[in-house]
Amino acid sequence: MDLHLHSTFSDGHLPVHLLADTVARAGVKLAALSDHDTLEGVPLFRRACRRLGVATLSAVEISTLHRGPWGEKEVHLLAYGLDEEDPIFRPLLAEIRAARERRFRGMATLLAEQGCPLPEAELEKRLAHGNAGRPHLAWLMIKAGYVTNLNTAFELWLGDGAPAWLPKEAPATVEVIQRVREQDGLSVIAHPGKTLPPEALPSLLEAGVDGLECLHPSHSRATARRLAQLAASHGRFQTAGSDYHGRPDRREPYLRPEMTLESLGGPLGERARAAHAAPAMTHGARSTTGAP
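In terms of this note's numbering, the sequence shown opens at residue 754 and continues consecutively.
Structure representation (structure tokens):
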């Protein structure tokens, strides 16, 4: 099971059909494409997975901001079970993407003003594809020869407080949790041990978030245990996700999360097992690359 994946519909490097092939070859039985602030790739991913015998859940990773005594923190909220054609929720995602585009253009302007102009055609190409963000600026900087890797691009130019950085515009986390629930979706805090101070989590659990992504590549075993205990103490379920992007600079191998479909609890577990039990498409379950 893998409930956190990215494709070229946001900042992943694999198109959906190759991503589906990757998880199928790894033995994943249930997968969720959770691109940033868009559900556009979900129908294509679902079809590709069905041909390979992999069940899916609709998902999206939503950019939000949570404010409290600890300051303002960016929270990535995984929303599961939303209708990708929902006329109420789609405008919210569209506004988040519009804010992302404004930030992308503004940061590109700051780079140009400080001696690192990027080709306008490349910028527009990325914007036309949708969901442009800091990683894409970093890749263009590498391509232009300004830096040699993503880490340097963020450390010197694009990271929080760096010369070309601009603050993010995003809706409040609590508001989005409520919106997801109103649309019969389920919300999960993505990689909470990576991005949030421990004191911020209780307020989100009290706000009604449904679960925590406890198993994530950035979490140590101790962090995963702590988060699982916190989720259980509040009656919430835990999830697992690889957060796979297929990044060529890291030669990123795909590693299936160590969590089974049977161990997924709560209402998400019920939906996941129902999806897995649904009849598969008749195209068989062989890999599109011919692998068994």
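Think of the CB as a built atom: it goes at the ideal place given N, C-alpha and C, for glycine as much as any other residue. Note that the coordinates shown come from a computational prediction; the quantities given were computed from them, not determined experimentally.
- Message: Classify T1035: buried if its beta carbon has 16 or more other beta carbons within 10 angstroms, exposed otherwise.
- Response: In the sequence shown, the residue the question calls residue 1035 occupies position 282. With a pLDDT of 35 at T1035, under the threshold of 50, the predicted position of this residue should be treated as unreliable, and no value is reported.
- Could you check where the alpha helix (DSSP H) with K896 kicks off and where it finishes? Counted from its first residue, the sequence shown places residue 896 at position 143. From DSSP, the alpha helix (DSSP H) with K896 extends over 887 to 897.
- Message: Quick check: V933 and L965, are their CB atoms within less than 8 Å of each other?
- Response: Here residue 933 corresponds to residue number 180 of the sequence shown, with the count starting at 1. Here residue 965 corresponds to residue number 212 of the sequence shown, with the count starting at 1. Going by C-beta atoms, V933 is not nearer than 8 Å to L965.
- Task: Could you say if the segment 887 to 904 and the segment 944 to 954 meet the contact criterion of at least three C-beta pairs nearer than 8 Å?
- Result: Three or more beta-carbon pairs separated by less than 8 Å are not found between the segment 887 to 904 and the segment 944 to 954, which leaves the two stretches without contact.
- Task: If I'm right that A1028 touches L783 with Cβ under 8 Å, what's the distance once you round it to whole angstroms?
- Result: As a working note, residue 1028 is residue 275 in the sequence shown. As a working note, residue 783 is residue 30 in the sequence shown. Their Cβ separation, rounded to whole angstroms, is 7 Å, which keeps A1028 and L783 in contact under 8 Å.
- Cβ neighbour criterion (16 or more within 10 Å) applied to E814: Counting from 1 along the sequence shown, the entry for residue 814 is found at position 61. A residue is called buried when at least 16 other Cβ atoms come within 10 angstroms of its Cβ; E814 meets this threshold and is buried.
- At a cut of 8 Å, does the segment 858 to 869 reach the segment 911 to 919 through at least three beta carbon pairs? Contact holds: three or more Cβ-Cβ distances are below 8 Å.
- Task: Let me know the secondary structure DSSP gives T1035 once reduced to three states.
- Result: For the purposes of this step, residue 1035 is taken as residue 282 along the sequence shown, with counting starting at 1. Confidence is the limiting factor: at T1035 the pLDDT is only 35, short of 50, which leaves the residue's position unreliable, though a coordinate-based value still follows. T1035: coil per DSSP, three-state reduction.
- Check the C-beta distance from D755 over to V776 and give it rounded, since I have them as a contact under 8 Å. Residue numbering aside, residue 755 sits at position 2 when the sequence shown is read from its first letter. Residue numbering aside, residue 776 sits at position 23 when the sequence shown is read from its first letter. Yes, D755 and V776 are in contact; Cβ-Cβ is about 6 Å, under 8 Å.
- Item | Host alpha helix (DSSP H) of K947 (start-end) | Start at 1 with the first residue of the sequence shown, and residue 947 comes out as number 194. K947 -> alpha helix (DSSP H) spans 945 to 948.
- Give a yes or no on whether the C-beta atoms belonging to R1009 and S986 are separated by under 8 Å. If you number the sequence shown from 1, residue 1009 lands on position 256. If you number the sequence shown from 1, residue 986 lands on position 233. In this structure, S986 does not lie closer than 8 Å to R1009 by Cβ.
- Task: Have a look at H998 and L767 and give me their C-alpha separation to the nearest angstrom.
- Result: In the sequence shown, the residue the question calls residue 998 occupies position 245. In the sequence shown, the residue the question calls residue 767 occupies position 14. Put simply, the backbone Cα of H998 is about 7 Å away from that of L767.
- Quick one: residues in its chain with C-beta nearer than 8 Å to the C-beta of R850, no 5 flanking neighbours on either side, listed in chain order? Mapped onto the sequence shown, residue 850 falls at position 97. Correct list, in chain order: D790, T791, G883, N884.
- How is the alpha helix (DSSP H) around S956 delimited, first residue to last? Here residue 956 refers to the residue found at position 203 when the sequence shown is read from its first residue. Element bounds for S956: 954 to 959.
- Query: What does Q991 pair with, by DSSP beta-bridge criteria?
  - Reply: Counting from one through the sequence shown, the residue named residue 991 turns up at place 238. According to DSSP, which records beta bridges pairwise, Q991 is partnered with L965.
- Message: Please report the distance separating the alpha-carbon of L968 from that of T992.
- Response: On the sequence shown, residue 968 is found 215 positions in, with the first residue counted as 1. On the sequence shown, residue 992 is found 239 positions in, with the first residue counted as 1. So the alpha carbons of these two residues sit roughly 7 Å apart.
- Ignore the nearest five residues each way along the sequence and tell me which others in L797's own chain have a CB closer than 6 Å to its CB. Position 44 of the sequence shown, counted from the start, is the residue given in the question as residue 797. Result list for L797: V769, in chain order.
- Message: Rounded to the nearest angstrom, what separates G780 and L831 at their Cα positions?
- Response: Here the question's residue 780 lines up with position 27 in the sequence shown. Here the question's residue 831 lines up with position 78 in the sequence shown. L831 has its alpha-carbon roughly 23 Å from the corresponding atom of G780.
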